[in-house]
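Below: the structure, in structure tokens.
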Amino acid sequence: MTFRNRTRRSARLAVAVALAAGAGLSGIAACGGSQEPAASAVFVSGNEDQLYSEGLRARRAGDLERAEQAFLEATQANPRYIAAWIALGSLHRSTGRHEDARDAYARAVSIQERNVDAQLGLAQAEAELQNIEAANRAAGRAAELAQASRLSDVEGEALRVLAAMQILTGDSEGAIGSLERTLQLDSTNVQARVTLAELYDAQGRRNDAVRLLSMAASTMNDVEGLLHIGRTFHSFGMMDRSAEVLGRAYEIDPDHDTVGFLLASANLDLGNRDLAVSLASRVISRNPDYLDAYVVRGQGTMRRVDTARARTEAGAIREALNRARPDAEFVLSRDPEHYGALVLLGQIQHGLGETDEALATWQTALTSAPGRRTAAALATEAELARGNHEAVVAILEPRIEHFSRDLELRERLGRSLIESGRYADGAATLTTVAEERRTDAELHHLVARTALDHPGTVSSEQALAHAQEAIAHGGNMRIAYRVALIDALRANGRASEALRYATDSLRDFPENPQLLDRIEEMR
């Protein structure tokens, strides 16, 4: 069982937030925190130096109120004191006062536009306020200034902010360029490497993504870094790679609950059920509140029965299902909308023959997480087994935007729409699937046949194109496919071609009544 992610927009946001956090967006700026902003030699006079130094001492001592007062007094004594403005911005960011931080950094930039610390701080503050365009501008300028000054650390910080904003705006190419440059500056940055791998994968560059992650994992001995890479392989569905990387992290720290849980989940998908149960049980023994671990253990327990033995021993199946049930029910007693537990309970109920109860449970899961696939797939599979196409439509149609890339569920919807009498909607849905599965002869034939049997569903030209695709991709020796092409040719006013094709087809299907009937009709 995998625990995959949500909608594309929320996924982009999560990646951007993580990347930005790696650039210091949830803490203190690179020039702040335990490091002190370097006092600029320009625009300094009077006692502002003493006030600035006092502010730094107060901040180191944890007296943030006095530090703020001292920095403010320094800027009042000399409104063009850049270091004090930057220190004030850093202080505000550390306490979550992002608008005040933005204003302080903006003041520093207005005094000296080429000050790299000021531009970087402004970029970080604007990013925290989700002012994407402003953050983009400041981050780009900070990276440019840092590169010119050969300040690689600062350039890397700026590029990570820039990449985070590019991800939020959907500028994948820009983000890839920013992250590739980031890794040139610091090849050990795991967050940048993982985010770049995810962007590669989204572009269909899976090999590049795997190479990037494997290169880092091969020499890494840091548990958190290995966890990050293993989790990314997990999200790719590459459970063998995930288990390999997470296994190394587990050897280093077998008491790391997240590592243990994800390793259990990966092994469950790989069919190593006993190991998955053992790993999940260890996590639970250490952390009884780790609800996802109960779901993995329950899934492993449910699937433990040997398939060959279970075919003849129905009692073994029931025993495994009933042993898995307490884990699902315990999680739901703590969190009634826990998606994984609802999916598991529905599977148990369905396996025990409680189909109506299972469908109700999966419906709850669909309501709590409309964009996740497993409950939709299980529920529609159960409804199809009962021949209830209207129910399949009711489940999938309101949620199909969440499954825009899921060809299997889109095909189920299309077929069920046709079976429910909504021929045009069904043919339109299947056409979009056929565009991506161009070699699926059965799919092309279904669209063509639906259009021919229900005129107006799609154009006669489209029906002919689908009928020709069905023949081209392996349907030449299927009489139904040949008949559909004959009918499509006739529907397009090409009766002479249809007659010739039907006559030629008699050589492969002698005395076929469908061919003979159509030849008779056309003569």
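With my numbering applied, the sequence shown covers 120 to 642. Every residue, glycine too, gets a C-beta built ideally from N, C-alpha and C. Keep in mind that this is a model prediction, so the values were computed, not measured.
Item to complete: Taking A607 and A591 to be in contact with their CB atoms under 8 Å, please state how far apart those CB atoms are, rounded to whole angstroms.
Response: Not really, about 13 Å apart at Cβ, beyond 8 Å.
Worksheet item: Can you tell me the Cα-Cα spacing of S268 and G259, whole angstroms?
Response: 14 Å
Discussion item. In whole angstroms, give me the CA-to-CA distance for A589 and D408.
Written reply: 54 Å
Practice prompt. Would you please state the rounded distance, in angstroms, between the beta carbons of V378 and G344? I believe it to be under 8 Å.
Written response: Not a contact, Cβ separation roughly 12 Å.
Fill in: E555 vs L532 beta-carbon contact at 8 Å
no
Worksheet item: Comparing alpha-carbon positions, which option in E370, S333 and S172 lies nearest R360?
Response: S333
Worksheet entry | E245 and A254 closer than 8 Å at C-beta | yes
Worksheet item: So is R642 buried or exposed if we call it buried at 16+ other beta carbons inside 10 Å?
Response: exposed
Discussion item. Are the CB atoms of N631 and I598 within a distance shorter than 8 Å?
Written reply: yes
Worksheet entry | Best match in A433, E432 and F449 for proximity to D648 [C-alpha to C-alpha] | Residue 648 cannot be examined here, being either before or after the span of the chain that is shown, 120 to 642.
Worksheet item: Between V577 and the rest of its own chain, which residues show a CB-CB distance below 6 Å, the 5 nearest in sequence each way excluded?
Response: A546 and A570
Discussion item. Can you tell me whether S523 is helix, strand or coil according to DSSP?
Written reply: coil
Discussion item. Just checking G545 against the ligand PLP - is the residue's beta carbon closer than 7 Å to any of the ligand's heavy atoms?
Written reply: For the structure depicted, the ligand PLP is absent and the ligand set is empty, with no information on it obtainable.
Worksheet entry | Rounded distance between the beta-carbons of A202 and Y171, thought under 8 Å | 6 Å
Fill in: CB of L183 within 8 Å of CB of T214, strictly
yes
Worksheet item: Can you list the alpha helix (DSSP H) stretches of 4 or more residues lying completely in the stretch 322-400, in chain order?
Response: 325-337, 342-354, 358-371 and 376-388
Discussion item. What does the alpha-carbon distance come out to for the pair N595 and T548?
Written reply: 25 Å
Worksheet item: Quick one: what does DSSP say F449 is sitting in, helix, strand or coil?
Response: helix
Worksheet entry | Nearest-angstrom Cα separation, counted from A206 out to G289 | 33 Å
Worksheet item: Around the C-beta of G174, are 16 or more other C-beta atoms found within 10 angstroms, so that it is buried, or is it exposed?
Response: buried
Discussion item. So, for V235: in the same chain, excluding its five sequence neighbours on each side, which residues have a beta-carbon less than 6 Å away from its beta-carbon?
Written reply: A261, L264, A265 and V273
Fill in: Helix, strand or coil at N507 according to DSSP, with G and I counted as helix
coil
Worksheet item: Quick one: what's got a C-beta closer than 7 Å to M284's C-beta in the same chain, skipping five residues either side?
Response: A246, I251, A254, N255 and A258
Discussion item. So the candidates are A495, S384, R524 and L451; which of them puts its Cα closest to the Cα of I514?
Written reply: A495
Item to complete: Flag this pair as yes or no: are the beta carbons of D446 and G490 separated by less than 8 Å?
Response: no
Practice prompt. Report buried or exposed for D320, applying the criterion of at least 16 other Cβ atoms within 10 angstroms of its Cβ.
Written response: buried
Worksheet item: When you compare each of R518, S539 and L528 to E509 by their alpha carbons, which one comes out closest?
Response: S539
Worksheet item: Quick one: what's got a C-beta closer than 6 Å to A158's C-beta in the same chain, skipping five residues either side?
Response: With a pLDDT of 40 at A158, under the threshold of 50, the modelled position of that residue is not reliable, and the figure given next carries that caveat. Counting only Cβ-Cβ distances below 6 Å, and skipping sequence neighbours, we find A202.
Item to complete: Rounded to whole angstroms, what's the CA-CA distance from R312 to E292? Just pull it up for me.
Response: 15 Å
Discussion item. For A479 and V566, what's the separation of their Cα atoms in angstroms?
Written reply: 32 Å
Item to complete: Starting from T622, follow the alpha helix (DSSP H) in both directions and report where the run begins and ends.
Response: A614 to S624
Discussion item. Rounded to whole angstroms, what is the Cα-Cα separation between A439 and G240?
Written reply: 57 Å
Item to complete: Could you tell me which of E530, V602, A610 and G593 sits nearest to R637, measuring between CA atoms?
Response: V602
Worksheet entry | Euclidean distance between Cα positions of R66 and T551 | Residue coverage of the chain in this structure runs from 120 to 642, which leaves residue 66 outside it and unanswerable.
Discussion item. Using 8 Å for Cβ pairs, my map puts V512 next to L503. What's the rounded Cβ distance?
Written reply: Contact flag wrong, Cβ pair sits at about 11 Å.
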